[in-house]
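Quick note, this note's numbering runs 315 ahead of the 1-based positions in the sequence shown. The C-beta atom is built at its ideal place from N, Cα and C for all residues, glycine as well. These numbers were taken from a predicted model, which means no experiment stands behind them.
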Amino acid sequence: MLRIFKVSGNSMHPTLHSGDWVVTSRHRAPRESDLVVALTRSNHHIIKRVASITGSSIKLIGDNTRLSSSHCEKPVRKSSCVGTVLASFRSPMSFRFDFSAPS
Numbered sequence: 316m317l318r319i320f321k322v323s324g325n326s327m328h329p330t331l332h333s334g335d336w337v338v339t340s341r342h343r344a345p346r347e348s349d350l351v352v353a354l355t356r357s358n359h360h361i362i363k364r365v366a367s368i369t370g371s372s373i374k375l376i377g378d379n380t381r382l383s384s385s386h387c388e389k390p391v392r393k394s395s396c397v398g399t400v401l402a403s404f405r406s407p408m409s410f411r412f413d414f415s416a417p418s
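Written out as structure tokens, the structure reads:
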């Protein structure tokens, strides 16, 4: 099943911008460097990059090195990931499939 989420905030800049949309799949297991949508303990969806996976835990990071996020301080359970990002777009005609980590 595919789901679409709207990006809010600048923690994933320059890869994603506030107002962008991402298409996710729950059926694709996250791997290191993938973008994922995770559900926080306060029931909010966040979009972050997978820094590492250890057992049933995933360490998430933002791409914007100028911002820090409290969501990135502790690893999250794999089960809190609601989808792996497959594509992003700003408008219906601007799909993007490359999510390489910024240099």
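Query                                                                                                                      : Result
Closest Cα partner of V391 within the set I373, S403, S323, D378                                                           : I373
Minimum length 4: unbroken alpha helix (DSSP H) runs contained in the stretch 319-394                                      : none
Spatial neighbours of E347 in its chain, beta-carbon cut-off 8 Å, leaving aside the 5 residues before and after            : V365, A366, S367, I368
Cutoff 7 Å; reference L354; Cβ partners in own chain excluding five residues on either side                                : H360, S395, V397
Reference R356, options L401, F404, K389, closest by Cα                                                                    : K389
Cut-off 8 Å between Cβ atoms - residues of its own chain near I319, not counting five sequence neighbours on either side   : W336, V337, V338, T339
Outcome for M327 when other beta-carbon atoms lying within 10 angstroms are tallied against a minimum of 16                : buried
Beta-carbon contacts of I376 that lie in its chain and below 7 Å, excluding the five residues immediately before and after : K363, R364, A366, C387
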